[in-house]
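Colleague: In terms of our numbering, the sequence shown opens at residue 954 and continues consecutively.
The beta carbon of each residue, even a glycine, is placed where N, CA and C say it ideally should be.
Questions regarding the structure given below will be posed in turn.
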Amino acid sequence: MKNWKGVIGLIILLLVSVAYGEDRGGKTVVGDSYRTPEQARSKLSERGIQYTRSSFFERVKKGDLFAVQLFIDAGMAIHARTDQGETALMVAAGEGHVEMVQLLVDNGTDINAQTGSGRTALMVAAGEGHVEVGRFLVDNGADINVEDKNGWTALDLASWGGDPKIGVAHVEVVRSLVERWVAKAGANARTEDGKTALHWAVLGGDLAMVRFLVGEGA
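And the structure:
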C-alpha cells in the first residue's frame, strides 16, 4: 500500500531506545558489536529469530535495526535478493524506513542496484512518496538519471505518484529531488531524456519551485 502521507515529508524514526544511537562519524550504531558470526547467530537465536534469508527480509520490512545488524554480522549477504528480485535496500526504501536505509548503506549495500525491471531503491522511494528516504539516497550517491525498462526515472515516478495510470504527484518528493539536482548541476541542467528541472516542477505541480527556478534563470 502506498504511503500517501509521505508527500508532506514524514520523517520515519524507528525503535528509539538505548540500543540505538549515533557514532561520531554520523553512522547508525545498533547495540553491541558482535565480532564473530557465531556470536551474532547466537544472539538471533536468543531472540527467537531464525537465520534465514526470508527472516532477514521480514526484519528489514519491519524496521528492526538491531536484528538486521545481527543478520549482517552473522554473514547474511547485504546484496541478497527477495524472490521478486528486490534488495534489502529496496524493501527498506519502499517501507519508508530512513534509519534502516542508512544502516544498509553504512554496511556497503549497492545504492544503485536494479531489479530485473530496472527499478532502483531511489525509484521505489520516489514512487511511494517517501521524502526523507529519497533525500538520503540522493545525498549518498543514488543516480537520479537511472531509467527502468520502461524508460521511467525517479523523477517520473515521483511526478506520477509511482504509476502513470494514477497520475497523483508526490510534490514534496519531486521538490526534494529537484532541489538536490539543481544544487549539483544548476537550474538549467537536463536529465538524460532532455527534461529540465523546470519541466519537472511544472509536471509535479510545485508552483513555489517553478517560481524559484525562474528566479534562478531557468
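Per DSSP, what are the beta-bridge partners of Arg-1164 in this structure?
Modeller: The residue you call residue 1164 lines up with position 211 of the sequence shown. Beta-bridge pairing links Arg-1164 to no other residue.
Colleague: Quick check: the Cα distance between Thr-1073 and Gln-1067, rounded to an integer number of angstroms?
Modeller: Taking the first residue of the sequence shown as 1, we reach residue 1073 at position 120. Taking the first residue of the sequence shown as 1, we reach residue 1067 at position 114. Going from the Cα of Thr-1073 to the Cα of Gln-1067 covers about 5 Å.
Colleague: For Arg-1034, which three-state DSSP category applies?
Modeller: Locating residue 1034 in the sequence shown gives position 81, where the first residue counts as 1. Strand.
Colleague: In this structure, does DSSP put Arg-1072 in helix, strand or coil?
Modeller: For the purposes of this step, residue 1072 is taken as the residue at position 119 of the sequence shown. Coil, per DSSP.
Colleague: Excluding sequence positions up to five away, which residues of its chain have a Cβ less than 6 Å from the Cβ of Gly-1038?
Modeller: Here residue 1038 refers to the residue found at position 85 when the sequence shown is read from its first residue. Excluding sequence neighbours, Gly-1038 sits near Thr-1068, Gly-1069.
Colleague: For Val-1086, collect the residues of the same chain with a Cβ closer than 7 Å to its Cβ; drop the 5 residues on either side in sequence, then sort them by chain order.
Modeller: For this step, residue 1086 is matched to residue 133 along the sequence shown. Excluding residues within five positions, the ones whose Cβ falls inside 7 Å are Ala-1046, Gly-1049, Val-1051, Val-1054, Ala-1078.
Colleague: Between Phe-1010 and Val-1044, which are expected to be in contact by the criterion C-beta below 8 Å, what is the C-beta distance as a whole number of angstroms?
Modeller: Residue numbering aside, residue 1010 sits at position 57 when the sequence shown is read from its first letter. Residue numbering aside, residue 1044 sits at position 91 when the sequence shown is read from its first letter. With a Cβ gap of about 6 Å, Phe-1010 and Val-1044 count as contacting.
Colleague: Using the beta-carbon count (16 or more within 10 Å), is Asp-1109 buried or exposed?
Modeller: Sequence index remark: in the sequence shown, residue 1109 carries index 156 (1-based). By the neighbour-count rule (16 or more Cβ atoms within 10 Å), Asp-1109 is buried.
Colleague: Use the C-beta contact count for Glu-991: other C-beta atoms within 10 angstroms, 16 or more gives buried, fewer gives exposed.
Modeller: Within the sequence shown, the letter at position 38 stands for residue 991. Glu-991 should be labelled exposed.
Colleague: With a threshold of 16 other CB atoms inside 10 Å of the CB of His-1083, please say whether the residue is buried or exposed.
Modeller: Reading the sequence shown from its first residue, position 130 is the one you call residue 1083. Looking at its Cβ environment, which holds 16 or more other Cβ atoms inside 10 Å, His-1083 is buried.
Colleague: Does the distance from the CB of Leu-1075 to the CB of Leu-1057 come in under 8 Å?
Modeller: Residue 1075 sits at position 122 when you count from the first residue of the sequence shown. Residue 1057 sits at position 104 when you count from the first residue of the sequence shown. Against a cut-off of 8 Å, the Cβ pair of Leu-1057 and Leu-1075 comes out as no contact.
Colleague: To the nearest angstrom, how far is it from the Cα of Thr-1062 to the Cα of Gly-1147?
Modeller: In the sequence shown, counting from the first residue as 1, residue 1062 sits at position 109. In the sequence shown, counting from the first residue as 1, residue 1147 sits at position 194. Near 30 Å, if we compare the C-alpha coordinates of Gly-1147 and Thr-1062.
Colleague: Verify whether the separation of the beta carbon atoms of Asp-1026 and Ala-993 is less than 8 Å.
Modeller: Looking up residue 1026 in the sequence shown gives position 73. Looking up residue 993 in the sequence shown gives position 40. A contact, by the Cβ cut-off of 8 Å.
Colleague: Does the beta-carbon of Glu-999 have 16 or more other beta-carbons within 10 angstroms, so that it is buried, or is it exposed?
Modeller: Numbered from its first residue, the sequence shown carries residue 999 at position 46. That one is exposed.
Colleague: Where do the N-terminal and C-terminal ends of the alpha helix (DSSP H) with Gly-1001 fall, by residue?
Modeller: Here residue 1001 refers to the residue found at position 48 when the sequence shown is read from its first residue. Counting along the chain, Gly-1001 falls outside any alpha helix (DSSP H), and DSSP gives it neither H nor E.
Colleague: Name the two residues that bound the continuous alpha helix (DSSP H) containing Ala-1046.
Modeller: The residue labelled residue 1046 in the question sits at position 93 within the sequence shown. Segment 1041 to 1048, the alpha helix (DSSP H) holding Ala-1046.
Colleague: Assign Ser-1007 to one of two classes, buried (16 or more other C-beta atoms within 10 Å of its C-beta) or exposed (fewer than that).
Modeller: For the purposes of this step, residue 1007 is taken as the residue at position 54 of the sequence shown. Label assigned to Ser-1007: exposed.
Colleague: Candidates Gly-1168, Gly-1071, Ser-995: which alpha carbon is nearest Gly-1104's?
Modeller: Sequence index remark: in the sequence shown, residue 1104 carries index 151 (1-based). Of the candidates Gly-1168, Gly-1071, Ser-995, the one whose C-alpha sits nearest the C-alpha of Gly-1104 is Gly-1071.
Colleague: Compare the C-alpha of Ile-1002 against each of Leu-1023, Thr-989, Lys-1014 and name the closest.
Modeller: Taking the first residue of the sequence shown as 1, we reach residue 1002 at position 49. With distances taken between Cα atoms, Ile-1002 lies closest to Leu-1023.
Colleague: By the 10 Å Cβ neighbour count, where 16 or more other Cβ atoms means buried, how is Thr-1106 classified, buried or exposed?
Modeller: Locating residue 1106 in the sequence shown gives position 153, where the first residue counts as 1. Buried.
Colleague: Would you mind sorting Lys-1102 into buried or exposed? The rule is 16 or more other CB atoms within 10 Å of its CB.
Modeller: Your numbering for residue 1102 matches position 149 in the sequence shown. Counting Cβ neighbours within 10 Å, Lys-1102 comes out exposed, since fewer than 16 surround it.
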